[in-house]
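**Student:** Here's a structure for you.
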Amino acid sequence: MASMPLGPQPQPPPPPQAQAPPSQQPHFDNDLLKRHRPDMDSDKEMSAAVIQGNDAVTGHIISTTIGGKNGEPKQTISYMAERVVGTGSFGIVFQAKCLETGETVAIKKVLQDRRYKNRELQLMRLMDHPNVISLKHCFFSTTSKDELFLNLVMEYVPETMYRVLKHYSSMNQRMPLIYVKLYTYQIFRGLAYIHTVPGVCHRDVKPQNLLVDPLTHQVKLCDFGSAKVLVKGEANISYICSRYYRAPELIFGATEYTTSIDIWSAGCVLAELLLGQPLFPGENAVDQLVEIIKVSNIIYAKTIYQGLFCSNNHEIMCELGSWYSYSGRNSMHESKLYGF
1 MASMPLGPQP QPPPPPQAQA PPSQQPHFDN DLLKRHRPDM DSDKEMSAAV IQGNDAVTGH
61 IISTTIGGKN GEPKQTISYM AERVVGTGSF GIVFQAKCLE TGETVAIKKV LQDRRYKNRE
121 LQLMRLMDHP NVISLKHCFF STTSKDELFL NLVMEYVPET MYRVLKHYSS MNQRMPLIYV
181 KLYTYQIFRG LAYIHTVPGV CHRDVKPQNL LVDPLTHQVK LCDFGSAKVL VKGEANISYI
241 CSRYYRAPEL IFGATEYTTS IDIWSAGCVL AELLLGQPLF PGENAVDQLV EIIKVSNIIY
301 AKTIYQGLFC SNNHEIMCEL GSWYSYSGRN SMHESKLYGF
């Protein structure tokens with residue numbers, strides 16, 4: 001969710017219409033909006049409101065409904081789409097303002113295959129933690145081409161760790177150590193939560209997916225588009241996680257890995273906070289291993305050569321030492337206990 005002003009600039013809202021006296025105006029329940037979260041029953045995902053959307057991204061108003069369950073009143077809520085703050089193969093993320101409350105939110109809009117449920121939505125419904133981005137509610141929208149889009153309405157956090165690092169780099173400065181400690185602890189705390197409570201592996205931990213509130217310095221994990229609940233003995237794709245933060249077992253093509261791949265990524269982020277630049281800036285998979293060898297100094301060229309042409313990657317992994325091996329990495333709970 002990198003914050004960058006792409007796309008057309010927001011258009012001003014239409015002039016206000018004459019309003020009825022306060023006694024005749026419909027009452028908007030702010031408490032309902034604050035406490036509303038999507039139905040935890042995953043079988044009811046498609047029961048979220050479906051609205052006729054607008055092909056444009058910014059400068060238009062989106063209206064949907066919340067409530068209507070467990071005796072709660074059903075209410076209409078409207079958002080003014082203001083600006084695009086992130087794009088990718090997944091879709092777009094745009095900043096919007098709730099017209100009823102004035103609250104700023106982030107809305108992630110992704111193309112939804114009608115045949116399947118959205119894994120990111122299912123996982124975000126399970127999570128509730130100060131260091132994990134919060135899902136407020138969701139709705140589906142359609143376009144003139146009859147495409148179906150899922151809209152995830154989340155709390156808005158204005159900055160990313162990536163932009164914070166760029167800020168210090170532009171001034172030829174290193175991030176103050178007190179902030180490195182503060183941010184790292186929160187990253188570990190958020191990962192410890194998702195690894196244990198819902199049992200989720202993020203699989204794409206990087207500065208761009210770490211949101212930072214510049215006023216409170218609170219850090220939140222975001223973008224669970226690659227996340228998954230890992231099941232022991234069940235194969236997963238190995239081509240996952242951004243290259244600079246990709247664990248060695250993934251580079252070797254391992255398909256049965258654990259949440260320790262997030263621990264590797266978090267360690268790479270920690271190093272980047274200290275150095276002001278990526279620790280392992282490889283240009284491709286082989287170069288990535290070369291960068292790791294330069295730093296770790298524990299992997300020999302012969303072992304790497306064997307690993308690249310060996311069908312049993314697990315045996316090669318066992319020879320690379322505890323620092324390199326996923327089994328030797330501390331858990332997030334253990335990592336939180338270390339001072340530096």
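Under the UniProt record's numbering, the first residue of the sequence shown carries the number 1, and numbering increases by one thereafter. The beta-carbon is built from N, C-alpha and C at its ideal position, and this holds for glycine as well. None of these values were measured; they are calculated from a predicted model.
Would you say VAL110 and PHE149 are within 9 Å of each other, going by their C-beta atoms?
**Tutor:** As a position in the sequence shown, residue 110 is number 110, starting the count at 1. As a position in the sequence shown, residue 149 is number 149, starting the count at 1. A contact, by the Cβ cut-off of 9 Å.
**Student:** Rounded to whole angstroms, what's the CA-CA distance from VAL180 to LEU211? Just pull it up for me.
**Tutor:** Counting from one through the sequence shown, the residue named residue 180 turns up at place 180. Counting from one through the sequence shown, the residue named residue 211 turns up at place 211. Cα to Cα, VAL180 sits roughly 14 Å from LEU211.
**Student:** Could you spell out the range, first to last residue, of the alpha helix (DSSP H) harbouring MET154?
**Tutor:** Position 154 of the sequence shown holds residue 154. Note, MET154: premise wrong, no alpha helix (DSSP H); beta strand (DSSP E) at 148 to 155.
**Student:** Thinking C-alpha only, which one of VAL205, GLY276, GLU283 is nearest LYS166?
**Tutor:** Working through the sequence shown from its first residue, we reach residue 166 at position 166. The option with the nearest alpha carbon to LYS166 is GLY276.
**Student:** Along the chain, which unbroken stretches of the beta strand (DSSP E) at least 3 residues long are found entirely within the region 54 to 123?
**Tutor:** You should have 61 to 66, 75 to 88, 91 to 98, 104 to 111.
**Student:** Decide if ASN70 is buried, meaning its Cβ has at least 16 other Cβ atoms within 10 Å, or exposed.
**Tutor:** The sequence position of residue 70 within the sequence shown is 70, counting from 1. ASN70 should be labelled exposed.
**Student:** Cα separation between TYR162 and GLU147?
**Tutor:** Working through the sequence shown from its first residue, we reach residue 162 at position 162. Working through the sequence shown from its first residue, we reach residue 147 at position 147. C-alpha separation (whole angstroms): 32 Å.
**Student:** With 16 other CB atoms within 10 Å as the buried threshold, where does LYS232 fall?
**Tutor:** Here residue 232 is taken as the residue at index 232 of the sequence shown, counted from 1. So LYS232 counts as exposed.
**Student:** Looking only at C-alpha atoms, which of ILE251, ALA271, ILE261 sits nearest to GLU283?
**Tutor:** Residue numbering aside, residue 283 sits at position 283 when the sequence shown is read from its first letter. Per the Cα distances, ILE251.
**Student:** Quick one: Cα of PHE224 to Cα of PRO73, how far?
**Tutor:** Indexing the sequence shown from 1 puts residue 224 at position 224. Indexing the sequence shown from 1 puts residue 73 at position 73. The straight-line gap from Cα to Cα measures roughly 31 Å.
**Student:** Roughly how many whole angstroms lie between the Cα atoms of ALA106 and HIS137?
**Tutor:** One-based indexing of the sequence shown puts residue 106 at position 106. One-based indexing of the sequence shown puts residue 137 at position 137. So the alpha carbons of these two residues sit roughly 11 Å apart.
**Student:** Does DSSP put CYS138 in a helix, a strand or coil?
**Tutor:** If you number the sequence shown from 1, residue 138 lands on position 138. In the structure shown, CYS138 sits in a strand (DSSP, three-state: E or B).
**Student:** How many angstroms separate the CA atom of TRP264 from the CA atom of MET175?
**Tutor:** Along the sequence shown, read from residue 1 onward, the residue named residue 264 stands at position 264. Along the sequence shown, read from residue 1 onward, the residue named residue 175 stands at position 175. The alpha-carbon atoms of TRP264 and MET175 are separated by roughly 21 Å.
**Student:** Please classify ASP262 as buried or exposed, where buried requires at least 16 neighbouring CB atoms within 10 angstroms.
**Tutor:** Here residue 262 refers to the residue found at position 262 when the sequence shown is read from its first residue. Buried is the call here.
**Student:** Between LEU99 and ARG125, what straight-line distance do the alpha-carbon atoms span, to the nearest angstrom?
**Tutor:** Residue mapping note: residue 99 aligns to position 99 of the sequence shown, counting from 1. Residue mapping note: residue 125 aligns to position 125 of the sequence shown, counting from 1. So the two alpha carbons sit approximately 25 Å from each other.
**Student:** Would a check of beta-carbon distances place CYS201 closer than 9 Å to chain B?
**Tutor:** The structure shown contains no chain B; it holds only a single protein chain.
**Student:** How many angstroms separate the CA atom of ILE77 from the CA atom of LEU152?
**Tutor:** By 1-based counting over the sequence shown, the position of residue 77 is 77. By 1-based counting over the sequence shown, the position of residue 152 is 152. Taking the straight line joining both Cα atoms gives about 14 Å.
**Student:** Beta strand (DSSP E) containing VAL219: first to last residue?
**Tutor:** Residue numbering aside, residue 219 sits at position 219 when the sequence shown is read from its first letter. Here the beta strand (DSSP E) through VAL219 covers 219 to 221.
**Student:** With a threshold of 16 other CB atoms inside 10 Å of the CB of ALA192, please say whether the residue is buried or exposed.
**Tutor:** Mapped onto the sequence shown, residue 192 falls at position 192. Burial call: buried.
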